[in-house]
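Here's the structure we're looking at; comments come further down.
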Amino acid sequence: MATQAFSSPVPLTSDEEEFMKHEHERVKLTDSQQKAFDIWAGPKDPDVSDAKYWIEKNTELDFNAFSFKCLNLLIKQAVWRYHHCSFKWWLKVKDDSIATKWKSEALTIDWASYIENAHFTPSMADACISELRKKAEVYEQTGLMPVYDYCTAVIKSDSILTPEFAKCIQDAVKPLEDVPSDCKDWHPNSNDQVLDLVHPSLWPLVYGSSKVLHDRTIGVDDALEYCDMGTTIRQPTKAEATLSPATSWRSTSRNKVLSREFQWLPCDVDLDRITGKAKIASYINNLHPVEQAHLYPIIEKLIEKSLPAWDLIYNWEDKFAIQRLVTSNVQKPVCPCPEICGRRRACRPQARPLAEGEVPRNRKDLGRNARDKAWFRETHGPALPDADPEAKDYVKFAASDIRSSGFFGCKDRCQVIVKLANIHLTPENPEYKGGSWHTEGLLNEHIVSTALYYYDCENITDCTLNFRTCANREDLDDSGSRTSLDYEQYDWWSIKQAFAIEPRGHTFQNVGSVQTKGGRALFFPNLLQHQVSPFKLADPSKPGHRKIVALFLVDPAIPIISTSNVPPQQKHWWPAEPKTGPLPAPASDDQGLIQWETAQEEWVDSEDAWLKARESWEQSLSRDKWPIGMEQAKELRKELMAERTWMKEKEADWLKTEWNFCEH
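Dropping the structure here:
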């Protein structure tokens, strides 16, 4: 079979369809036989010998009449139909008989085995069908499907990245991949599995070292002309990089929220307010504007295709946020069986009457404990709200809300950080262990959304991107909040049953996961932590890979220093004899540039501190190797990664604050 642009199946070409039309007439394959073959072959993707065996066993046809090409195309067609034509939930959900079948199946699922205490009512099933029907209209018109949508949303699309476009990306990226082994940039601590092609952690903005232009902007075509120009940007003060005690409710100490060392560099992107077209206006950091110029229009197109989903996410909280169920009270109802619980002097699972033949209780009997809990849940559960069967307010957006222009309140420019990376597996190194939970960047970058394009997947098992977030502790367990929860003193069991949370556990809650198959595009807010699940080689005897383009959107309302301001820092980009033009006049502090006179004034009250600062400044000048070579860039990357790892760990500690339901 022909090599596919990615592992997702592709339909027959027009020439192949014409060939198969004649083959059907020749071998006398009926429509019912074709359908039966599709049902068998679609999920299996068998080889030709298996297909021959199936034809021999399940039809009266001469399997030798089927040519090798015919069998290959039969398999290709069956696999395509299975993955892209057979399900089509957005069409089937409109069929009442199918929807009724789905509802019946959903109501028979043991939901408590999925999440403890979970249940699913007929009204919830009806609400799901109603919501899916509304979303089907959006999907059919736009190709975008919001999932895990509540106060924010994850959006997926399987139509943006066509096989032809994916192949175009593969071909364009090939020069970055086909480099000598000693030039390949394997990401640190990745076990030689993650290959960085373009990564923002190399040659970032380095406070106190990088040069910036404050009186002009750098484009794509003229980027190299600005090498060796600019004035050194100052390093932020500690006060500028920490949260003041007045706004920090957790402690009186200052919390570091910004890096004083590094910032990833985005490129500027011009947006046409009328047409919605995107045009990269400054060079992409680490993507040579001349040698890799052919990649710029492709990245530009990916940015353009991301804008409708990014805009929807950007406006979600204000316009489309939903809360399907509202629970303000989890107090226990009046005991429905006092004659039973009275004998135990308390309502608890162990009060369940023993069934006939049951022996006296043993606390190690897990099966009995499960029966006790099930009985108690059915008889003593808190009164919880049910769903609206029509899901009237569960979908607040329509296809018309997904813009094709005028993004982010009709902004004429946005900023995007670009990353290209591959994960390579081999028979000797066959399994990727998965990633860590994280959000992208630090507050320095103001990243609000991510776009991921899985343009090439080969010989790997299914993989997902998992999402989690923090529940709103302040609203739920703060008795002073207007949305505070009403519960009986010490009744933590009811809280656990209602919300699937541990009353003394951390506030992280898993949102769900999305499969990251080839040809899929994913868009999600940087409010959600995400994590790549483990995966491995599908065929352990052959190599495999997964390749992505990642785009990080900087908050359009808060532009940051970009490649429009920072001349190329890569030593290998510079000409042998760089052209040195006149430097702009020193700028004021509010433009972020070093002025030693200002530094003197800041330290005038302390001679020792002033001398220490001067010594540190002089040492930084002596260390300044300009431009930055590859080895120095990799050392700086280690420093950047170490700092961000530390800050992310601190962030995780802060985010996983434990619930603290008071014993009122």
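Residues in the sequence shown are numbered from 771 upward in steps of one, following the numbering used here.
Yeah, the Cβ is synthetic: ideal placement off N, Cα and C, and Gly gets one too.
- Taking a C-beta distance under 8 angstroms as the contact criterion, residue 1076 and residue 1333 do not qualify as a contact pair.
- Excluding sequence positions up to five before and after residue 882, its CB lies within less than 6 angstroms of the CB of 888, all in the same chain and listed in chain order.
- For residue 928, the secondary structure class from DSSP, reduced to helix, strand or coil, is coil.
- Exclusion of the five residues before and after residue 1172 leaves 912, 914, 1078 and 1082 as the residues of its chain whose Cβ lies within less than 7 angstroms of its Cβ.
- Within the same chain, and ignoring the five residues on either side of residue 1295 in sequence, the residues whose Cβ sits closer than 7 angstroms to its Cβ are 922, 1083, 1218 and 1219.
- Assignment of residue 1191 by DSSP, reduced to helix, strand and coil, places it in the strand class.
- Closest option to residue 1327, judged by alpha-carbon separation, among 1178, 995 and 831: 1178.
- Secondary-structure assignment with DSSP links residue 1049 through a beta bridge to 1040.
- The criterion of a C-beta distance shorter than 8 angstroms is not satisfied by residue 1192 and residue 1035.
- Counting C-beta pairs closer than 8 angstroms gives fewer than three between the stretch 1153-1163 and the stretch 1052-1066, which falls short of the contact rule.
- Under the DSSP assignment, residue 794 falls in the alpha helix (DSSP H) whose first and last residues are 784-797.
- Considering only 1311, 1306 and 1278, the residue with the shortest C-alpha distance to residue 1297 is 1278.
- Assigned with DSSP and collapsed to three states, residue 1030 falls in coil, not helix or strand.
- Apart from the 5 residues on each side of it in sequence, residue 1340 sits with its Cβ closer than 6 angstroms to the Cβ of 973 in its chain, given in chain order.
- Checking the DSSP bridge columns, you'll see residue 1234 partnered with 1285.
- Residue 906 sits away from residue 848, with the two beta carbons spaced by 8 angstroms or more.
- Residue burial annotation: residue 1080 is buried, with at least 16 other C-beta atoms found within 10 angstroms of its C-beta.
- Judged by beta-carbon spacing, residue 805 lies beyond the 8 angstroms limit of residue 1165, meaning their Cβ atoms are not closer than that value.
- In its chain, beyond the 5 residues on either side, 1299, 1300, 1301 and 1418 have a beta carbon closer than 8 angstroms to the beta carbon of residue 1208.
- In this structure, the straight-line span from the alpha carbon of residue 985 to that of residue 998 is close to 15 angstroms.
- When the five nearest sequence neighbours on each side are left out, no beta carbon in the same chain lies closer than 6 angstroms to the beta carbon of residue 859.
- When DSSP reads this structure, residue 1295 sits in a beta bridge with 1219.
- Residue burial annotation: residue 1090 is buried, with at least 16 other C-beta atoms found within 10 angstroms of its C-beta.
- In this structure residue 1038 is buried. Its beta-carbon is surrounded by 16 or more other beta-carbon atoms within 10 angstroms.
- Secondary structure at residue 1269: helix, using DSSP grouped into helix, strand and coil.
- By the 16-neighbour rule on beta-carbons within 10 angstroms, residue 1121 is buried.
- Under the three-state reduction of DSSP output, residue 870 falls in the helix class.
- Burial state of residue 884 is exposed, judged by a 10 Å Cβ sphere holding fewer than 16 other Cβ atoms.
- The DSSP-derived three-state label of residue 865 is coil.
- DSSP places residue 967 outside any alpha helix (DSSP H); the residue lies instead in the beta strand (DSSP E), whose first and last residues are 964-968.
- Per DSSP, reduced to three states, the secondary structure at residue 1326 is coil, with no helix or strand assignment.
- As for any beta strand (DSSP E) of minimum length 3 sitting wholly inside the stretch 900-954, the runs are 915-917 and 924-927, ordered along the chain.
- When secondary structure is reduced to three states using DSSP, residue 1341 falls in the helix class.
- Contact between the stretch 1186-1206 and the stretch 1304-1311 is present, with at least three C-beta pairs closer than 8 angstroms.
- A direct Cα-Cα distance of roughly 17 angstroms separates residue 833 from residue 801.
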